[in-house]
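Chemist:
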Amino acid sequence: MMKLLIVTTVSEYQKEVLKLFKKANIEAFSSSEIDGYKNTTSLIATTSWFPGEKGGNESLMFFSFTDEEKITDFFSYVREFNNNLETNNPVRAIVLPIEESI
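Just so you know, we're using the working numbering here: the sequence shown kicks off at -1 and counts up by one.
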């Protein structure tokens, strides 16, 4: 059954995440550069309509329509990767069911 896999990560882990996709045999995916934010009171207090500098972290979002079995493997690899991190920026992943597709 096809599902939608969405993965976000800081830019520094791009190569590692690409290796995890390959290891899980997920060969078709897309990516996009995004700014990642953590909702803290200091960020809210300093946010203005015209911020002088970029406040977000350079991040990436990957997404793939792929088989449930490959996603299960991918999640296992991401858990292992996150358990070995020395930073507080884990790779995040979610899965959404696909009701219909063409």
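A virtual CB, placed ideally from N, CA and C, is assigned to each residue, including glycine.
Taking all protein chains shown into account, decide if I69 is buried (16 or more other Cβ within 10 angstroms of its Cβ) or exposed.
Modeler: When all chains shown are included, I69 counts as buried.
Chemist: Once the 5 residues before and after K17 are set aside, which same chain residues still bring their CB inside 7 Å of it?
Modeler: Excluding residues within five positions, none has a Cβ falling inside 7 Å.
Chemist: Count the CB pairs spanning the region 56 to 65 and the region 21 to 33 that are closer than 8 Å, and state whether there are at least three.
Modeler: The region 56 to 65 vs the region 21 to 33: in contact.
Chemist: Taking DSSP as the reference, what is the three-state secondary structure of K20?
Modeler: Residue state, collapsed to three classes: helix.
Chemist: Grab me the residues of V76's own chain with a C-beta within less than 7 Å of its C-beta, minus the 5 sequence neighbours each way, in chain order.
Modeler: These residues qualify, in order along the chain: L18, V89 and A91.
Chemist: Taking the straight line between their C-alpha atoms, what separation do you get for E10 and P95?
Modeler: Each residue's Cα considered, the two are about 29 Å apart.
Chemist: Within 10 angstroms of the Cβ of L83, are there 16 or more other Cβ atoms? Answer buried if so, exposed if not.
Modeler: Exposed: under 16 other Cβ atoms inside 10 Å.
Chemist: For S57, count neighbouring C-beta atoms within 10 Å of its own C-beta (all shown protein chains included) and say buried if the count is 16 or more, exposed if not.
Modeler: Buried, because 16 or more other Cβ atoms sit within 10 Å of the Cβ of S57.
Chemist: DSSP puts P88 in a beta bridge; with which residues?
Modeler: P88 pairs with nothing; no bridge assigned.
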